[in-house]
Structures are given as C-alpha cells and as structure tokens.
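Trainee: In our numbering, the protein residues as written are 1 to 383.
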C-alpha cells in the first residue's frame, strides 16, 4: 500500500492531462492525523525548482497536511510565473483538503523550463481530492513516474507502527540527493525534530549514496510525514532504523530501474582513514565511465578501478590497494592478483570491493553500467 500502509494516510491519483500520453500524472497524499509532524530534505543543486523553494518554506513550520505531486513537468527554471504556479497548486490543494496552504508541500517532476498547464493541474487536484482513499498509495506511486519503467514502493513495520514510502527516479541520479521524489509516511507518534533527525541520518547513507550518472536534478525532494495514528512512540533508534530500511529499499529500486541499465553495481570501500574518504573513493569508482562501459561488456577491468581511486584526495598507498570484483581479489598490493577469468559478471548484480588499507572506515555507493540504451533514452527525446 505504499504511502498508505501507515494509519492516518489517504492517497489518490488521476490523469490530469499534463502528460501527452494520457497516463496518470497527478497524485495527492493526505495526512489525517491526529498529528501533522513532518520533515524533509531537498536537492543541493543551486538551481532549484519552484516547488522545492515552496516546500522548503512550508517545512520550516515542521507541519504538513498534504503533498501534491505531478509528473510531466518540473516547473523548474520558469521564473516568477513558475513560483506563482507552485503557490496556486498549494492553495488549490489546501482548499480541496480543508487546510491552509502553509501546510501543503508541492513536488513536480519532468521537463525543465516549461510551465505547467495550470487549468489541467487545478482540475486534476480537485478530481484527486474526490478519490482519496486508504488504498490509493499504489496509484499515487504510478502517477509520479516519468522515465521510470516501474513504480517504486516500500514498507517497514515496527511493533504496532509502520513506515511506508513511494519514490520516482530513473535518470539524473546523483547525490545530494539522487534525482527523485520520495514521500515517506509513518503512523508513529513522534515530533518533527525526531523525524528530521531520523530522515537525515537515513538519507545520508541511502539516497545520498546513489550515483547512477553523476547528474544532479533541480527538483529532488524527500518528505517524511507522521500521523501519530498508531498512538505508539518508538525510540529514536527504532524510528531511524525503520526509515533507513524503507529508504534503502527505495534507493536500490532506483538503481535497478536506472535508464538503460543492465547491471546494478555496489561499490564497497573498506579500510578507509575516514568515512569521507570512503565516500569519495566510492563515488569516483561509481562515476568512472570507462569502468561502467567495461562492466556492461562483462570485462572485470580492475585497472580502471585503480585509476578512479587515484583521482581522489583520500589517504592511501598506491602500492597497498586491493580490489575484488564479485568476490575475486583481482588486484593485490596495487598489482595483479587472482586471475581475471575467475570473475563471473553474467548476473545483473555486481559487487566491487576496494580496500584502501588505511583505516577502519567504510562506505557503500550504488551505481549501474553505461549502455547504448542510456544514450538513446537521453538523446532521442526530452525527459
């Protein structure tokens, strides 16, 4: 049930006509309480879409009653008119669900630089409000897809309470955040401050560790809403663990559905002097296009891994680097290790382990291979 797995939440979706295809393109998620606590994190791109700017301001109060989301248009780089459109979306949603616009978050995804057809958007909001249901979570997840081939949902359950979520994202997947819209919900009875802490910790090691193509979006938004409907107040550790589980599940789904991908690649860096070093090395390996092409061709070219490591400022001795691909240590002490032909790359999932042998810190980055399908999808049409 996605975002409606937790008690106190309703959702819906409609085909508002924003997409020329006629596919579902507008969704609502509504928190019926009794609590309306909320937290969020957004793209670190300095160019930010109007909905991101609106939702940042709204979240300053730590309270959200509803989220309106559309696909088919990003409402990014649309100037003052686009900012006004985001406000109108919030105001129209507020009237439809009987609250104030300062309790509405707005999320948009699609082509940058094009204004939304606001007459269709507003009519869609009205129609979606009439269809709100505790069973509407899956429909909402479908409506926020753009180049996604599948919709993405996840649920984690505590002792009498639940965290649910939905996500969209298949391209422009790079950290801070990866290109995504994510709505998470819980019926735990927790404060906005606790939600903020749990969400930031979970995102730091999940969505911020997805690095598909090195491209950062203008619209990334991850929201966490709490209804308190279960009446149960889990500990901070319990809440963070459940939110992390849902975020990690969704993050892996994002990588699995990356545009044109035929391989899902997990880069694990161990033996780092610091977590920052581990993340930097993992990102450098994940972004190496030569390596991504090699892995697409099922070539365990570990030399490209070492080349990527060498571009970082991490602490390491080049003559002490070890690299394993799918469990085979093909590089030992910065030179050849076990035979490359022992590496089986026929499966979709590939694991690369880098041991810097410089400390006790570690990190995991998720990426995918580079394929002709990715080039086609991002050249044949706008997305």
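Just so you know, even glycine gets a beta-carbon here, dropped at the ideal spot from N, CA and C.
All values reported here derive from a predicted model rather than from experimental measurement.
Quick check: what's the CA-CA separation for residue 116 versus residue 108?
Mentor: 9 Å
Trainee: Can you check DSSP and say which residues form a bridge with residue 355?
Mentor: 270, 322
Trainee: Tell me whether residue 392 is buried or exposed, calling it buried when 16 or more other Cβ atoms sit within 10 Å of its Cβ.
Mentor: This structure cannot settle anything about residue 392, because the visible part of the chain is limited to 1 through 383.
Trainee: Which word fits residue 315, buried or exposed, when buried means at least 16 other C-beta atoms lie within 10 angstroms of its C-beta?
Mentor: exposed
Trainee: How would you call residue 135, buried or exposed, if buried means at least 16 neighbouring beta carbons within 10 angstroms?
Mentor: exposed
Trainee: Please go through the same chain and pick out, in chain order, the residues whose beta-carbon is closer than 7 Å to the beta-carbon of residue 276, but skip the five residues on each side of it.
Mentor: none
Trainee: Verify whether the separation of the beta carbon atoms of residue 188 and residue 163 is less than 9 Å.
Mentor: yes
Trainee: Where does residue 182 sit, in a helix, a strand or coil, going by DSSP?
Mentor: Here residue 182 sits in strand by DSSP.
Trainee: Please tell me whether residue 267 and residue 329 are closer than 9 Å, where the distance is taken between their beta carbons.
Mentor: No, the Cβ-Cβ distance between residue 267 and residue 329 is not below 9 Å.
Trainee: Please confirm whether residue 352 and residue 305 have their CB atoms less than 9 Å apart.
Mentor: yes
Trainee: Where residue 103 and residue 33 are concerned, what is the direct C-alpha to C-alpha distance, given to the nearest angstrom?
Mentor: 13 Å
Trainee: Residue 210: buried (16+ other C-beta within 10 angstroms of its C-beta) or exposed?
Mentor: Buried, because 16 or more other Cβ atoms sit within 10 Å of the Cβ of residue 210.
Trainee: Is residue 146 close to chain B? Criterion is C-beta to C-beta, closer than 9 Å.
Mentor: Absent from the structure: chain B. Only one protein chain is present.
Trainee: Can the beta-carbon of residue 130 be found less than 9 Å from the beta-carbon of residue 27?
Mentor: no
Trainee: How is the beta strand (DSSP E) around residue 312 delimited, first residue to last?
Mentor: No beta strand (DSSP E) holds residue 312; DSSP gives it neither H nor E.
Trainee: Secondary structure at residue 77, three-state DSSP: helix, strand or coil?
Mentor: coil
Trainee: In angstroms, rounded to a whole number, what distance separates the CA positions of residue 307 and residue 270?
Mentor: 17 Å
Trainee: Just how far apart, CA to CA, sit residue 255 and residue 345?
Mentor: 17 Å
Trainee: If you reduce the DSSP assignment to three classes, tell me which class residue 115 lands in.
Mentor: It is coil, neither helix nor strand.
Trainee: Which runs of the alpha helix (DSSP H) at least 4 residues long sit entirely within the region 232-283? Give them in chain order.
Mentor: 236-256
Trainee: DSSP on residue 82, reduced to helix/strand/coil?
Mentor: helix
Trainee: Among 337, 132, 197, which residue has its Cα nearest to the Cα of residue 235?
Mentor: 197
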